[in-house]
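Below is one structure, written out as structure tokens, with a few remarks after it.
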Amino acid sequence: MSAPETPQSAAYDSAFLKACRREPVPHTPVWFMRQAGRSLPEYRKVREGIPMLESCMRPELVTEITLQPVRRHNVDAAIYYSDIVVPLKAIGVDLDIRPGVGPVVENPIRTRADLAQLRDLTPEDVSYVTEAIGLLTRELGPTPLIGFAGAPFTLASYLVEGGPSRTYENAKAMMYGDPELWADLLDRLAEITAVFLKVQIEAGASAVQLFDSWAGALAPVDYRRSVLPASAKVFKEVEGYGVPRIHFGVGCGELLKLMGEAGADVVGVDWRVPLDEAARRVGPGKALQGNLDPTVLFASTEAIEAKTREVLDSAEGLEGHVFNLGHGVMPSTDPDALTRLVEYVHTHTAR
């Protein structure tokens with residue numbers, strides 16, 4: 009008697025998952041970070057009047073928003089609509105996402121006593137995630153769903169700073185000045201993040217991406233000593249599920265090898281490092297994801313295609329390549345430019 013089909017098995021032979029596994033693909037697969045909304049008028053319409061965090065907790069709304077770019081752009085994978093601070097909100101951290109600002113934490117973590125804010129996350133805390141992914145995988149069929157979470161360093165940066173920062177002065181002061189507290193903070197965040205990813209995989213996500221959005225603020229020696237252990241713990245916790253694990257950060261050209269060492273199967277690359285050079289830095293045994301500059305999409309179609317060919321040429325000969333932007337879709341991007349880009353990559357790389 010054969011095993012029952014799971015959402016993961018339905019998507020197993022997709023171009024996206026094959027590329028992540030470094031297997032031959034019929035075409036280079038494409039998806040976009042922040043594709044679920046932002047630039048789409050239909051996204052803005054369904055989100056109208058609904059705060060960001062609330063929208064992440066409504067399963068039917070999450071399902072609709074996640075599906076919108078799949079319907080419109082014909083991308084090869086859906087990315088679960090959520091936010092990196094959702095698990096923190098779920099365990100009771102007093103935070104909100106303020107329009108035009110980002111996540112703001114009411115009581116930043118600055119002392120050991122402040123760690124009490126971070127209790128364990130349970131699947132029941134995010135039951136809406138399980139429900140939404142169940143709805144989504146039934147709709148998506150053979151199209152893979154990517155689950156995601158914020159990496160411990162990026163979450164810690166928000167928690168310690170109290171909101172977005174350009175300098176990370178408080179976070180780095182703790183990292184340098186109280187390394188034991190810093191290590192305990194990141195370890196606790198690693199445990200919360202691992203549970204959040206497990207919930208998504210067990211509900212049906214076919215791959216997961218860990219966003220370490222702000223890791224580019226770190227020198228390699230500090231990343232290795234003070235950040236890599238926590239990220240590695242997250243990846244190790246979900247290794248047994250056998251789904252591809254993607255690791256991405258912005259401005260992380262100097263950290264690419266270390267980010268791969270943390271346990272990723274696929275290393276995301278922003279637009280600053282050509283993919284052939286990124287492959288040299290990362291080393292063998294990893295697929296790469298990226299890496300068109302998001303601002304290229306504001307140029308002419310001819311310019312977009314020329315820059316896209318540069319990315320694809322740079323990816324020639326890689327063990328596995330997932331085409332993506334080097335960061336998220338900008339809100340003012342023309343959605344039609346994204347649709348044309350997907351079609352161009354599919355056509356140009358058809359094998």
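Numbering (the numbering used here), first residue to last: 9 to 359. Note that beta-carbon positions come from the ideal geometry of N, C-alpha and C, so glycine has one too.
Straight-line CA distance for Ala98 to Gly325? Looking at the two C-alpha atoms, the distance is approximately 43 angstroms.
Measure the CB-CB distance between Arg118 and Val78 and report whether it falls below 9 angstroms. no
As a quick exercise: from Asp104, Asp344, Ala23 and Leu194, pick the residue whose alpha carbon is nearest that of Glu62. Asp104
Which value, in whole angstroms, describes the spacing of the CA atoms of Leu349 and Pro302? 12 angstroms
Distance, Cα to Cα, Trp190 vs Pro116? 13 angstroms
So, with DSSP's three-state summary, where would you put Ala19? In the structure shown, Ala19 sits in coil (DSSP, three-state: anything other than H, G, I, E or B).
I need the boundaries of the alpha helix (DSSP H) containing His354, first residue and last residue. Pro343 to His356
Under 9 angstroms between the Cβ atoms of Ala164 and Ser221? no
Using C-beta distances below 7 angstroms, list every residue in its chain close to Ala405, excluding the 5 sequence neighbours before and after it, in chain order. The structure shown does not extend to residue 405, since the chain is modelled only from 9 to 359, so the question has no answer here.
Give the range of the alpha helix (DSSP H) segment to which Ile312 is assigned. Thr309 to Ser322
Just grab the DSSP bridge partners of Asp362 for me. With the chain covering 9 to 359 only, the question about residue 362 has no answer from this structure.
Quick check: the Cα distance between Ser234 and Val137, rounded to an integer number of angstroms? 30 angstroms
Name, in chain order, the residues that DSSP records as bridge partners for Leu48. Bridge partners of Leu48: none, in fact.
Is DSSP giving Phe40 helix, strand or coil here? Note: Phe40 maps to coil in three-state DSSP.
Using alpha carbons as the reference points, say which of Asp128, Gln43, Tyr352 and His356 lies closest to Met338. Checked all of Asp128, Gln43, Tyr352 and His356; the closest Cα to Met338 is Gln43.
What residue ranges within the stretch 238-308 form continuous beta strand (DSSP E) runs of no fewer than 3 residues, ordered along the chain? 253-256, 274-276 and 295-297
Check the Cβ-Cβ distances between Glu245 and every residue of chain D, and say whether any is below 9 angstroms. Chain labels in this structure do not include chain D; a single protein chain is all it has.
What is the rounded straight-line gap between the Cα of Arg317 and the Cα of Arg46? 26 angstroms
Pull up the CB-CB distance for Gly155 and Ile209, whole angstroms please, since I reckon it's below 8 angstroms. 6 angstroms
How many angstroms separate the CA atom of Gly250 from the CA atom of Asp192? 28 angstroms
According to DSSP, is Gly170 helix, strand or coil? coil
Short of 6 angstroms in beta carbon distance, which residues of its chain neighbour Thr175, apart from the five on each side in sequence? Order them along the chain. Excluding positions up to five away in sequence, the list is empty.
For Leu305 and Leu346, what's the separation of their Cα atoms in angstroms? 8 angstroms
Using DSSP with H/G/I as helix, E/B as strand and the rest coil, what is Gly185? helix
Straight-line CA distance for Pro1 to Gly328? Past the boundaries of the shown model lies residue 1; the chain is included only from 9 to 359, so the question cannot be answered.
Between which two residues does the beta strand (DSSP E) containing Val216 stretch? Ala215 to Phe219
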